[in-house]
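Student: Here's a structure for you.
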Amino acid sequence: MPMTRKSAVVTVGAVALASLGLYAAAEDDDHDYAGVCVDEATQRRVADDQCDGNHGSGFHGGRGWYFVPRGTAAPAVGAPVSGGSFTAPPRSQSWGTGFRSEGGVVTRGGFSGHGFSVGG
Numbered sequence: 061m062p063m064t065r066k067s068a069v070v071t072v073g074a075v076a077l078a079s080l081g082l083y084a085a086a087e088d089d090d091h092d093y094a095g096v097c098v099d100e101a102t103q104r105r106v107a108d109d110q111c112d113g114n115h116g117s118g119f120h121g122g123r124g125w126y127f128v129p130r131g132t133a134a135p136a137v138g139a140p141v142s143g144g145s146f147t148a149p150p151r152s153q154s155w156g157t158g159f160r161s162e163g164g165v166v167t168r169g170g171f172s173g174h175g176f177s178v179g180g
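Per my numbering: the sequence shown = residues 61 to 180.
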């Protein structure tokens, strides 16, 4: 059965929308910084869920986010933090949670938590 002009437009439109959805999903875990949760007293990484509800700089309840830039090694849970900052990234850059608990170099993707575009 030959494709009509109307069905071709609908098909192209559906493909375009699906492509945009895939692009948005791919970008969802592409952040400039990894936010890892840190214990204020020990300055060591703890599980990210201990920082839930805190979406910026500073310590709350003895826990706070430490921001590790892409290309830098993030610590494993239990390890001391280094190579990053307790100051949130600039508003023009994003950060994400859920970076792997065993640590490693922050690269594009690899985040299982939430992403934020905040500056402080």
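Each residue gets a CB set at the ideal place from its N, CA and C atoms; glycine is no exception.
Let me check understanding here. Comparing Cα to Cα, which of D90, H91, G124 lies closest to D99?
Tutor: G124
Student: Under the assumption that F127 contacts S152 (Cβ atoms under 8 Å), give the Cβ distance between them as a whole number of angstroms.
Tutor: That pair is no contact at about 14 Å.
Student: Tell me whether D92 sits in a helix, a strand or coil according to DSSP, three-state version.
Tutor: It is coil, neither helix nor strand.
Student: Since R123 is in the beta strand (DSSP E), which residue starts that stretch and which ends it?
Tutor: 123-129
Student: Excluding five sequence neighbours on each side, which residues of the same chain lie with their C-beta closer than 8 Å to the C-beta of A139?
Tutor: R104, R105, G163
Student: Straight-line CA distance for A133 to C111?
Tutor: 20 Å
Student: Assuming contact is defined by CB atoms lying nearer than 8 Å, are D108 and S154 in contact in what I supplied?
Tutor: One thing to note: D108 has its Cβ no nearer than 8 Å to the Cβ of S154.
Student: Would you please state the rounded distance, in angstroms, between the beta carbons of A94 and F159? I believe it to be under 8 Å.
Tutor: 4 Å
Student: Near A78, which residues of its chain fall below 8 Å by C-beta distance, leaving aside the five closest residues on each side in sequence?
Tutor: Bear in mind that a pLDDT of 40 at A78, under 50, signals an unreliable position, so the number given afterwards is only what the model happens to contain. Same-chain partners within the cutoff: there are none.
Student: Would you mind stating whether G121 and V166 have Cβ atoms separated by less than 8 Å?
Tutor: no
Student: Quick check on D112: does DSSP put it in helix, strand or coil?
Tutor: For D112, the secondary structure class from DSSP, reduced to helix, strand or coil, is coil.
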